[in-house]
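K.L.:
The sequence shown begins at 75 in our numbering and counts up one residue at a time.
Quick reminder that beta carbons are idealized off the backbone N, C-alpha and C, glycines included.
As the structure is a computational prediction, the values presented were derived from the model and not from experiment.
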Amino acid sequence: MMKELNSWGLRVTEFFILCVFILTPLTSADAGSNSSSFVSIACCSESNFTDSNYNISWVTDVNKFHNRLSCEDISEDVPVAINYLRVNKKRRVFPVGPDQKRCYTLPTKKGEDYLIRGIFGGIWGLKFTVAIDVTTIGVVDAPDDFAVEGVFRATKDSIHFCLVSDNGALYISEIHLRPLWNLNYYLEGFPSSALELLERISFDVKSAAKIIRYGVDPSDRIWLTNSTVDPGRTYLRTETNVNVLGFRDPRVPKQVLQTALASSDRLVIIHDGLSPANNTYLLFLYFYEVDHTVQAGERVFDVYLNSESKQYSGFDVMGNGSNYRELALNVTASGYLNLTLVRASGSANGPICNAYEILKVHQLVQETNTDDVEVILEVRSELLESNEKNEVLEGWTGDPCLPVPWNGIGCEIVDGIPVITKLDLSSGIQRGSDEEHILKGQFPKIIPNLTHLRSLNLSNNKFIGQIPEFFQSSLLISVDVSHNDLSGPFPESFASLSQLGTLYYGCNPQLTKVSPSAISDSKITTDHGNCGAQESSKRGIIIGAAAASGSLLVTAVAGVIFFLSRKNLMPRGKFSKTSYPMAKNLIFSLPSMDDLVIKSISIETFTLDYLEAVTQSYKTLIGEGGFGSVYRGTLTDGQEVAVKVRSATSTQGTREFNNELNLLSTIRHENLVPLLGYCNEKDQEILVYPFMSNGSLQDRLYGEAAKRKILDWPTRLSIALGAARGLTHLHNFAGRCIIHRDVKSSNILLDQSMCAKVADFGFSKYAPQEGDSGASLEVRGTAGYLDPEYYTTHHLSTKSDVFSFGVVLLEIVTGREPLNIHRPRPEWSLVEWAKPYIRESKIEEIVDPNIKGAYHAEAMWRVVEVALSCIEPFSAYRPGMVDIVRELEDSLIIENNASEYMRSIESTGSNRFSIIMDRSLVMDRRIPAPSPSEPSPILTQMAPPEPR
75 MMKELNSWGL RVTEFFILCV FILTPLTSAD AGSNSSSFVS IACCSESNFT
125 DSNYNISWVT DVNKFHNRLS CEDISEDVPV AINYLRVNKK RRVFPVGPDQ
175 KRCYTLPTKK GEDYLIRGIF GGIWGLKFTV AIDVTTIGVV DAPDDFAVEG
225 VFRATKDSIH FCLVSDNGAL YISEIHLRPL WNLNYYLEGF PSSALELLER
275 ISFDVKSAAK IIRYGVDPSD RIWLTNSTVD PGRTYLRTET NVNVLGFRDP
325 RVPKQVLQTA LASSDRLVII HDGLSPANNT YLLFLYFYEV DHTVQAGERV
375 FDVYLNSESK QYSGFDVMGN GSNYRELALN VTASGYLNLT LVRASGSANG
425 PICNAYEILK VHQLVQETNT DDVEVILEVR SELLESNEKN EVLEGWTGDP
475 CLPVPWNGIG CEIVDGIPVI TKLDLSSGIQ RGSDEEHILK GQFPKIIPNL
525 THLRSLNLSN NKFIGQIPEF FQSSLLISVD VSHNDLSGPF PESFASLSQL
575 GTLYYGCNPQ LTKVSPSAIS DSKITTDHGN CGAQESSKRG IIIGAAAASG
625 SLLVTAVAGV IFFLSRKNLM PRGKFSKTSY PMAKNLIFSL PSMDDLVIKS
675 ISIETFTLDY LEAVTQSYKT LIGEGGFGSV YRGTLTDGQE VAVKVRSATS
725 TQGTREFNNE LNLLSTIRHE NLVPLLGYCN EKDQEILVYP FMSNGSLQDR
775 LYGEAAKRKI LDWPTRLSIA LGAARGLTHL HNFAGRCIIH RDVKSSNILL
825 DQSMCAKVAD FGFSKYAPQE GDSGASLEVR GTAGYLDPEY YTTHHLSTKS
875 DVFSFGVVLL EIVTGREPLN IHRPRPEWSL VEWAKPYIRE SKIEEIVDPN
925 IKGAYHAEAM WRVVEVALSC IEPFSAYRPG MVDIVRELED SLIIENNASE
975 YMRSIESTGS NRFSIIMDRS LVMDRRIPAP SPSEPSPILT QMAPPEPR
C-alpha cells in the first residue's frame, strides 16, 4: 500500500464517523486518446472528462447508482503529494453493513498483466480491505492510506475490484486499470499470485511537490519522490541527460534515473510496519551511474537483508558493459525490511540507488465454483427485473462467496472449491418487511441448478408463479417458501428428496397443497401448506430474587424506607451509595451468582459420527455467525444442545476454536455459556453447548420478527444484571483476568428461565500483565460496540468490555440497534443519538415505546447513568464491572420493591406519592481530567472498600 511520505495533523475527534457506503459493478468505456487501453473511473464526477495534466480520459459512474446514494467533496486540506496523485475531487459514499462488499467489474484480456489502483479520499476511523476478485491486496485504515495498488495477470475477460467492509463503511474516489505491456517481469515466477505495492520510490530534491506518472511512465506507474538524506552518509547526484548504454529497454523511465542517492560507505532502505508473520516480498532496485568518470570495478557493493543475510555479493553497476543495471530480490521477512548496500572491499566508490519498488506476494485465492456463479448471477438477473433498486441485490457484486459471502448467501468448501449451500432471501434478511425490501416477481426457475444447495428460504415475500421441480440428487435439507403468492401444483418431488428435513409452504393461497400422505411426518417437519401452522413456544420470565418473597409486610416496609430515603434529595456522584440509606438490620440485596453451587461440566470429546447422529445430519439450522453454522441436536441422555460447526469459509479459524476450547475448559459460571464438548476430526472443528431455548437478547429486542418478543422492564434488568455478573467473573477470574473483546447483545443468550449467559469466547484474551505492552496487534470487536480508545491505541483492557456493555445497556433501554444506517443520519449511531437526550435529562425520549409507563423512573435512571458512564470516550472515566453489578442490583431492588409497594398501597386505598427527582443534580458532567500522577476521580469514587 502506498503511504503518504509526509504525515499531516489529522486527529480522531469522534470514534463513530458514520459515513457508510456502497459500490456496484461498472465497466468503463474506451478511454480514448493516448491512453486508450486505460480504464479510468472518476467516482461521482458530473460527467466524463479528459485530464489536462496527463491527457487521461476519465468516465464517471454517476449513471450506475440510484439517487438514494450520495457523493461527497474531498477536503483540500490534504498533503501536496495526494493532490498531485488525485484527479477527482469527489468520493463515492454509500451505506453498507460490516462484512459486506461492493465491487466494480472491469474489462481485461486473458493472459495480460495489469496494474490496478484505487484512490481514496481519507476518512478517519473507517477500515476496509481491497481485493482483486477474491484475493486481498491491501487495507484502508486511515486517511494516509490514500492509495492501494496491485499487479495481477488476468485469467478471464473481466476482474472485480472489491472493497470489503470491516466496520460498516466503504468509500472510493478513483479507480485506475493499466496494462503493463512489456513490464511482465513483476510476475515472473509468481504467475498464480497478486502483488500488493508497498513502495515505489524515486529520489529527488523536491519530494513534496513532485511525482512521476503517465506521460513519462507509459503504464502510469506512480513514482513518489523521496529526498531523505543523511548528511553524514548520503547525498544526491543528478544528471539532466540520461544516456543508457548497452542496455535494451530499461524498465523505468529515464526521468526516474536522473537522480541517485549515493554514499561513500553504505545505503540503508527501511520499510517497517509489515505483518509479524513471515511473508514473501519482491524488491526491485534500479541503478544508473550518474558519474561518467566511474569505470567498471570502481563502484562495487554487497547487498544485505535485515543486516544479516547477504543477498548479493560484488554488485558492480558498470560490470555488465553498461552504465545501468537492475536487481530483483525475492525475500521472506516479517515485521520490517532493512535493505543495506555496503561498499565492497577495494571499491573506490560507495553504493548508489536511483529507485526501488517493494511488493508483497499474495497467493491467488480459489474462487467460487464457476457453475454456481453462473446460476446465482442468473438468479440475480431474474430478480432485478422486478426489484431494480433492492439493496440486497444491489450488494450482489463480485464473487458470491469470497472474501465475504453476499447477503443471504451461505457457502462451504467442497473438494477445495467454495460452493453455494444456502440461499436466504426471506424478508428478515432484507432488513425489514416494508414494500421497499420485499421481493416480488417470478420464482427464479434456475435455483434447482445450484447443485450444492442445502437451505432455501424465500419466505415472506411476494413471489408469484410456479415452484420448479428439484432434481432427485438435490442436497436440500430445509425449504421455506411460505407467505408468498405462489400458484400451481406444489412439486411432489420434494417428498422424495432424501435429505429434506423441514418444508414450509403455507400462506400461498393459490398453491395446490401436497397430499399429507405424500410427506411422512416422521421424516419431514412441514406445515402441510397451512397458514399460521408455525407457532412460537411460550417462554418463562425470571424476575429478581428480591421480588420473589411477595410478602406484603416486607414490601410495605421496603416502600416506606424507599420513600423516606427520597425525602432528603442531594447531589450524588456516580455510583455513590449515599442517596439510598437502608436500615442496618434490613437486607435488600440479590444473591450473587458466584455464591450458587454450579454443577461441574466436564469437556467431552465427541466423534464426528456421533454429532452427525445427534443433529440428524445437521437437520435443524438455528443460527449462523462468524465461526460457522449452529445446529440443534439432542444427546443420548436427552439434553438438547447447540452444535457450532466451523465453516470452511469462516472469517474465524483454528485460533478462535482453540481459544474458546482452552478458556471454557478452565472457567465456569452461572452467567457464562458452558462448553459441553468438542470435535476435531477430519479437518472439522465443532463446539457443543447447551441449547439456549430463548435465543439471544438481540433476537428478543429487535431481531427477526419470528424471534422478537416484548421484554418487560424487570426482565430486561434481570438480563442486564446476569450478563454483568458473567463479565465480572471473567474480569476477576482467579487464574488471570480475561477480556471478552466481543460483548454484544447477540452474544448474550437466554435459557429456558430467561437467565442471561455470555457466549462466544473466540476472541477472548488474557489481560496484559505487568511487563506486557498492553497493545493488541489486531483490534477485535463489532461495529457499534467497539471501544474508541481501544480502536485508536490498540491498548486492550477490561474497560473495552465495559464500553461494549454500556452499548448493550442502551439497547436494553431503547430497544434499538447499536448501528442502523437506515435511520435518519443523526440516529445512525445509538451512542451518539442517545447521549444528548441523557445529558439533557430527557430519557423518556429514548426509552423503548414497548415499556413506556411500565418502569420505575429511579431504576431506569440508574441504568441510564451506568450506561453513560460505560461509554465515556476515555477508559479512565469508566467504572469496573464490579461497580456496575452493584448498581444494577440496586436498580432491580428499587424496581421490584417499588412495584410491590405501590401495589400494596393500591390494595389498601392509601394515597400514592409521586417521587420525582431533579435529574440535573446527578447529571453534572464536569469531572476534571485525571493527571498522570493521580487516579481518575471516578475510580476514586468507585473504589471498593478496604478489606476488613
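1. When you compare only the Cα positions, how much space is there between Val1039 and Pro327?
2. Which of helix, strand or coil does DSSP assign to Pro172?
3. DSSP puts Asn353 in a beta bridge; with which residues?
4. In terms of alpha-carbon separation, which member of Tyr752, Ser739, Pro748 and Ile677 lies closest to Glu686?
5. Can you tell which of Ala228, Asp711, Asn428 and Leu824 has the C-alpha that lies nearest to the C-alpha of Tyr309?
6. Assuming Thr308 is part of the beta strand (DSSP E), what are its boundary residues?
7. Which one of Gly927, Lys926, Glu906 and Asn924 has the shortest CA to CA distance from Ala941?
8. Just to confirm before moving on: does the CB-CB distance between Ile343 and Leu413 stay below 8 Å?
9. Which residue wins for smallest C-alpha separation from Leu298, given the options Pro324, Leu271 and Leu457?
10. Taking a contact to mean a Cβ-Cβ separation below 8 Å, would you say Asp473 touches His814 in this structure?
11. Report the option in Cys236, Val170 and Leu331 whose CA atom is closest to the CA atom of Leu476.
12. How many whole angstroms separate the CB atoms of Ile920 and Tyr911, which I take to be in contact at a CB cut-off of 8 Å?
13. Can you tell which of Gly347, Leu331, Val377 and Asn380 has its C-alpha closest to the C-alpha of Asp365?
14. Would you call the stretch 219-228 in contact with the stretch 444-458, where contact means no fewer than 3 C-beta pairs closer than 8 Å?
15. If we call anything under 8 Å between Cβ atoms a contact, is Leu904 one with Leu884?
16. List the whole-angstrom C-beta distance separating Ser871 from Lys818, where the pair is believed to meet the contact cut-off of C-beta under 8 Å.
17. If I follow the unbroken beta strand (DSSP E) through Ser383, where does it start and stop?
18. Please report the Cβ distance between Ala830 and Asn821, rounded to the nearest whole angstrom; I am assuming they are in contact, meaning their Cβ atoms lie under 8 Å.
19. Please report how far the alpha carbon of Cys258 lies from the alpha carbon of Leu571, in whole angstroms.
20. Evaluate Asp948 with the Cβ neighbour count: other Cβ atoms within 10 Å of its Cβ, from every protein chain shown; 16 or more gives buried, anything less gives exposed.
21. Between the alpha carbons of Val555 and Tyr579, how many angstroms are there, rounded?
22. State the Cα-Cα distance for the pair Gly192 and Thr689, rounded to the nearest angstrom.
23. With which residues is Ala268 paired in a DSSP beta bridge?
24. Can you list the alpha helix (DSSP H) stretches of 4 or more residues lying completely in the stretch 881-953, in chain order?
25. Could you give the distance in angstroms between the alpha-carbon of Lys434 and the alpha-carbon of Leu356?
26. Whole angstroms are fine: how far does the CA of Phe321 sit from the CA of Gly371?
27. Could you pull the start and end residues of the alpha helix (DSSP H) that Ile551 belongs to?
28. With 8 Å set as the bound, which would you pick, yes or no: does the beta-carbon of Gly371 sit closer than that to a beta-carbon of chain B?
29. May I ask you to verify whether the stretch 537-550 touches the stretch 520-529, counting CB pairs closer than 8 Å and requiring at least 3?
30. Under a three-way DSSP split, which group does Phe765 fall into?
31. Rounded to the nearest angstrom, what separates Glu262 and Leu200 at their Cα positions?
32. Strictly by DSSP, which residues pair up with Val715?
33. Assign Asn745 to buried or exposed, taking buried as 16 or more other Cβ atoms, counted over all protein chains shown, within 10 Å of its Cβ.
34. From Ile483 to Val704, what does the alpha carbon distance come to, in whole angstroms?
35. Roughly how many angstroms separate the alpha carbons of Gln713 and Val213, rounded to a whole number?
36. Could you pull out every residue in the same chain whose Cβ sits closer than 6 Å to the Cβ of Ser874, ignoring the five residues on either side in sequence?
P.N.:
Taking the geometry as given:
1. A question about residue 1039 goes unanswered here, because the residues of the chain that appear run from 75 up to 1022.
2. Residue mapping note: residue 172 aligns to position 98 of the sequence shown, counting from 1. Pro172 sits in coil when the DSSP states are folded into three classes, being neither helix nor strand.
3. One-based indexing of the sequence shown puts residue 353 at position 279. For Asn353, which the question treats as bridged, DSSP gives the partners Ala407.
4. In the sequence shown, the residue the question calls residue 686 occupies position 612. Closest by alpha carbon: Tyr752.
5. If you number the sequence shown from 1, residue 309 lands on position 235. For Tyr309, the closest alpha carbon among the candidates Ala228, Asp711, Asn428 and Leu824 is that of Asn428.
6. In the sequence shown, residue 308 corresponds to position 234, counting from 1. Thr308 to Thr312 is the span of the beta strand (DSSP E), which, as asked, contains Thr308.
7. Taking the sequence shown and counting its residues from 1, the one referred to as residue 941 is at position 867. Cα-wise, what sits closest to Ala941 is Glu906.
8. Start at 1 with the first residue of the sequence shown, and residue 343 comes out as number 269. Start at 1 with the first residue of the sequence shown, and residue 413 comes out as number 339. Yes, Cβ-Cβ distance for Ile343 and Leu413 is below 8 Å.
9. Within the sequence shown, the letter at position 224 stands for residue 298. From the listed residues Pro324, Leu271 and Leu457, the smallest Cα separation to Leu298 is found for Leu271.
10. Locating residue 473 in the sequence shown gives position 399, where the first residue counts as 1. Locating residue 814 in the sequence shown gives position 740, where the first residue counts as 1. No, Cβ-Cβ distance for Asp473 and His814 is not below 8 Å.
11. Position 402 of the sequence shown, counted from the first residue, corresponds to residue 476. For Leu476, the nearest C-alpha among the options comes from Cys236.
12. One-based indexing of the sequence shown puts residue 920 at position 846. One-based indexing of the sequence shown puts residue 911 at position 837. Contact holds; Cβ gap of about 5 Å.
13. Here residue 365 corresponds to residue number 291 of the sequence shown, with the count starting at 1. Asp365 has its Cα closest to that of Leu331, out of Gly347, Leu331, Val377 and Asn380.
14. In short, these stretches do not touch, since the Cβ pair count stays below three.
15. Numbered from its first residue, the sequence shown carries residue 904 at position 830. Numbered from its first residue, the sequence shown carries residue 884 at position 810. A distance below 8 Å separates the beta carbons of Leu904 and Leu884.
16. Counting from one through the sequence shown, the residue named residue 871 turns up at place 797. Counting from one through the sequence shown, the residue named residue 818 turns up at place 744. The pair is not a contact, with the Cβ atoms about 18 Å apart (cut-off 8 Å).
17. Reading the sequence shown from its first residue, position 309 is the one you call residue 383. Segment Ser383 to Asp390, the beta strand (DSSP E) holding Ser383.
18. Counting from one through the sequence shown, the residue named residue 830 turns up at place 756. Counting from one through the sequence shown, the residue named residue 821 turns up at place 747. At roughly 11 Å, the Cβ-Cβ gap does not stay under 8 Å, so Ala830 and Asn821 are not in contact.
19. Residue 258 sits at position 184 when you count from the first residue of the sequence shown. Residue 571 sits at position 497 when you count from the first residue of the sequence shown. The residue asked about is misnamed: residue 258 is Asn in this sequence, not Cys. Between the alpha carbons of Asn258 and Leu571 lies a distance of about 52 Å.
20. Here residue 948 corresponds to residue number 874 of the sequence shown, with the count starting at 1. Residue 948 is actually Phe in this sequence, not Asp. Classification of Phe948: exposed, given that the 10 Å Cβ count is below 16.
21. Here residue 555 corresponds to residue number 481 of the sequence shown, with the count starting at 1. Here residue 579 corresponds to residue number 505 of the sequence shown, with the count starting at 1. Distance between the alpha carbons of Val555 and Tyr579 is about 5 Å.
22. Within the sequence shown, numbered from 1, the residue matching residue 192 stands at position 118. Within the sequence shown, numbered from 1, the residue matching residue 689 stands at position 615. Computed Cα separation, rounded: 46 Å.
23. Within the sequence shown, numbered from 1, the residue matching residue 268 stands at position 194. Per the DSSP secondary-structure output, Ala268 pairs in a beta bridge with His436.
24. Counting only runs of 4 or more, we get 904-913 and 931-944.
25. Walking along the sequence shown from the start, residue 434 turns up at place 360. Walking along the sequence shown from the start, residue 356 turns up at place 282. Their Cα atoms are separated by approximately 6 Å.
26. For the purposes of this step, residue 371 is taken as residue 297 along the sequence shown, with counting starting at 1. For the purposes of this step, residue 321 is taken as residue 247 along the sequence shown, with counting starting at 1. Their Cα atoms are separated by approximately 18 Å.
27. Sequence index remark: in the sequence shown, residue 551 carries index 477 (1-based). Run containing Ile551: none; DSSP gives neither H nor E here.
28. This model lacks chain B altogether; it includes just one protein chain.
29. Short answer: they touch.
30. Locating residue 765 in the sequence shown gives position 691, counting from the first residue. In the displayed model, Phe765 falls within coil according to three-state DSSP, outside both helix and strand.
31. Walking along the sequence shown from the start, residue 262 turns up at place 188. Walking along the sequence shown from the start, residue 200 turns up at place 126. Looking at the backbone, the Cα of Glu262 and that of Leu200 are separated by about 35 Å.
32. Residue mapping note: residue 715 aligns to position 641 of the sequence shown, counting from 1. Looking at the DSSP assignment, Val715 forms a beta bridge with Gly707 and Pro764.
33. Locating residue 745 in the sequence shown gives position 671, where the first residue counts as 1. By the 16-neighbour rule on beta-carbons within 10 angstroms, Asn745 is buried.
34. Taking the first residue of the sequence shown as 1, we reach residue 483 at position 409. Taking the first residue of the sequence shown as 1, we reach residue 704 at position 630. C-alpha separation (whole angstroms): 16 Å.
35. Locating residue 713 in the sequence shown gives position 639, counting from the first residue. Locating residue 213 in the sequence shown gives position 139, counting from the first residue. Computed Cα separation, rounded: 45 Å.
36. Counting from 1 along the sequence shown, the entry for residue 874 is found at position 800. Closer than 6 Å at Cβ, skipping near neighbours: Asp861 and Tyr864.
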